[in-house]
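All you need for my numbering is the position in the sequence shown, starting with 1, plus 8.
For glycine and all other residues, C-beta sits at the position ideal for the given N, C-alpha and C.
See structure below.
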Amino acid sequence: MDQENQYLEDKMKYSVDKKGYYGQFGGAYIPEMLYPNIEELRENYLQIVEEPGFQSQFRKLLKDYVGRPTPLFLAERLSETYGARIYLKREDLCHTGAHKINNTIGQIILAKKLGKQRIIAETGAGQHGVATATVCALVGMECIVYMGSVDMERQKPNVERMRILGAQVVPATSGSQTLKDATNEAMRHWINNPTDTHYIIGSVVGPHPYPDMVARFQSVISEEIKLQLKEATGEEYPGYVLACVGGGSNAAGAFYHFLDHEAVKLVAVEAAGRGVDSGESAATTVLGRPGVLHGSKTLLMQTTDGQVVEPYSISAGLDYPGIGPIHAHLFDTGRVSFLNATDEEAMNAGIELSRLEGIIPAIESAHAFVALQKLGLSPNDVVVINLSGRGDKDLETYIKWGKY
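This is the structure:
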């Protein structure tokens, strides 16, 4: 019985509490005009997503539309290079090319059950925008995606994919014109259209219940890893799970079912940009401190008087000035080890994976592979890397980089 109580206590250690907090991080710091929107979600989301009818529809779409389960691939040449058994969780093979669709499928079903007529979203690298436009086309719902002007320029293929799918793509022209600013614009739209609009947030950020809701939808990743690893090795639990982190939805999904098993080492890799001390970085756990960003208390990069510091990364999906509150808590408790990778390290890792395994990763995902050089792995170590997206969208950036 004591063992069971300890297990439940460990499980609660990393779960959201009734007030929407992970330890000291989380909550819902929102303007009064957003209160009805958030309350409607908070009061209904658990009941809806736990309904057998919801789960049946969600699982069926994940299987028949998204293409799940995604493979767990033993990367033999990569394993030989780094002296460990390295498996890749192939989220890049999901419909639309990344893990983002897992969450948008869940949220579009939820929005329909709440009687919403319009969907808004923010996007950085464009993958969440494409995934949102995709599910809106699937169910026939109006879709508006906010995207920073800078990101629109460097992610043109994804912008056009969204438009082909019928979405309206609205440029965010304030601030750094990237993900943070797109999120600001989406929040403003939601405040002005509270009753008929659902905001599909793409990461484990924002006010409660979004971080928990997105993590639940993405937890299918670690659920599958356990089953697939058991089949491949006889053991459910790897030595390491690696993932890149911006806001952190792919990492939240990859870590979810391993959090209460302390023997599994969880490693998150942030974008160091041109270097942690260069002034052009997005390494939040190194450079950030507690504050409120986009409706939740978390770690974020800010000046001494609380102004948000503009992040930078060559990767459009990682240049966010904070991390999700679940990751802030996992950093705070030491449950997850946070590393960082510079632009150069990430690009080189992306080229290396392409050459060794014939897989061109999204630049976001390439950051996770840099950890292989820093962990001191041994031949008996089993490592799972969440390959969260494919590199098609980043071809122009790879070409400009040119070092291949």
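What residues in its chain sit with their C-beta under 7 Å from that of Val253, if we drop five residues either side in the sequence?
Excluding residues within five positions, the ones whose Cβ falls inside 7 Å are Ala259, Ala276, Val277, Glu278, Ile331, His335.
Nearest residue (CA-CA) to Tyr248, options Lys26, His269, Thr186, Leu308:
Comparing alpha carbon positions, the residue from Lys26, His269, Thr186, Leu308 closest to Tyr248 is His269.
Taking Gln63 as part of the alpha helix (DSSP H), name the residues at either end of that continuous run.
Start and end: 60-69.
Grab me the residues of Asp204's own chain with a C-beta within less than 8 Å of its C-beta, minus the 5 sequence neighbours each way, in chain order.
Excluding residues within five positions, the ones whose Cβ falls inside 8 Å are Lys124, Gln125, Arg126.
What does the Cβ neighbour count give for Lys188, buried or exposed, with the cut at 16 atoms within 10 Å?
Buried is the call here.
Under 9 Å between C-beta atoms of Ser227 and Gly256:
No; because the gap between Cβ atoms is not below 9 Å, this pair is not in contact.
So, at 7 Å on beta carbons, what are the nonlocal neighbours of Tyr29 in its own chain, with the 5 sequence-adjacent residues on each side left out?
Excluding residues within five positions, the ones whose Cβ falls inside 7 Å are Gly35.
Which word fits Glu130, buried or exposed, when buried means at least 16 other C-beta atoms lie within 10 angstroms of its C-beta?
Here Glu130 is buried: its Cβ has 16 or more other Cβ atoms, across all protein chains shown, within 10 Å.
Residue nearest to Pro427 in terms of C-alpha spacing, selected from Ala133, Cys151, Val147, Ala145:
Nothing about residue 427 can be read from this structure; the chain reaches only from 9 to 412.
Is Ser396 near His136, with beta carbons less than 9 Å apart?
Cβ distance not < 9 Å, so Ser396 and His136 don't count as in contact.
Quick check on Ile407: buried or exposed, where buried means 16 or more other Cβ atoms within 10 Å of its Cβ?
With fewer than 16 other CB atoms across the displayed protein chains lying within 10 angstroms of its CB, Ile407 is exposed.
Select from Ala119, Leu69, Gly358, Gly303 the residue whose C-alpha is nearest the C-alpha of Glu48.
Measuring from the Cα of Glu48, the nearest candidate turns out to be Ala119.
If you reduce the DSSP assignment to three classes, tell me which class Ala271 lands in.
DSSP places Ala271 in the coil class of the three-state scheme, outside both helix and strand.
Helix, strand or coil at Lys408 according to DSSP, with G and I counted as helix
In the three-state reduction of the DSSP assignment, Lys408 falls in the helix class, which pools H, G and I.
Using the C-alpha atoms, what's the distance from Arg343 back to Tyr22?
Within the model, the alpha-carbon separation for Tyr22 versus Arg343 is close to 9 Å.
If you run the structure through DSSP and keep just helix, strand and coil, what is Pro44?
Correct three-state label for Pro44: helix.
Measuring CB atoms only, is the region 191-200 touching the region 140-158, in the sense that at least three cross pairs come out at less than 8 Å?
Flag = yes, the region 191-200 and the region 140-158 touch.
Nearest residue (CA-CA) to Lys97, options Ala141, Leu307, Thr78, Asn388
Checked all of Ala141, Leu307, Thr78, Asn388; the closest Cα to Lys97 is Thr78.
Pairwise C-alpha distance: Gly287 and Asn394:
Asn394 and Gly287 have their C-alpha atoms some 28 Å from each other.
Beta-carbon of Tyr154 versus every beta-carbon of chain D: anything under 9 Å?
Of the chains in the structure shown, none is chain D; there is only one protein chain.
Are the beta-carbon atoms of Ile116 and Cys144 separated by less than 9 Å?
Result yes, Cβ atoms of Ile116 and Cys144 sit closer than 9 Å.
Counting only the same chain and skipping the five closest in sequence on each side, list residues whose C-beta sits under 8 Å from that of Arg282.
Correct list, in chain order: Glu288, Ser289, Tyr320, Thr350, Asp351.
Figure out for me which residue from Phe81, Leu250, Pro329 has the closest Cα to the Cα of Leu301.
When the alpha-carbon of Leu301 is set against those of Phe81, Leu250, Pro329, the nearest one is in Pro329.
Could you tell me the boundaries of the beta strand (DSSP E) in which Arg98 lies?
From DSSP, the beta strand (DSSP E) with Arg98 extends over 93-98.
Contacting residues, own chain, Cβ-Cβ under 6 Å from Arg93 (five flanking each side not counted):
The residues are Ser87, Val390.
Backbone secondary structure at Tyr15 - three-state DSSP
Confidence at Tyr15 is low in this model, with a pLDDT of 45, below 50, so its placement is unreliable and no value can be given for it.
Assuming contact is defined by CB atoms lying nearer than 9 Å, are Gly114 and Phe66 in contact in what I supplied?
Note that the C-beta distance between Gly114 and Phe66 is below 9 Å.
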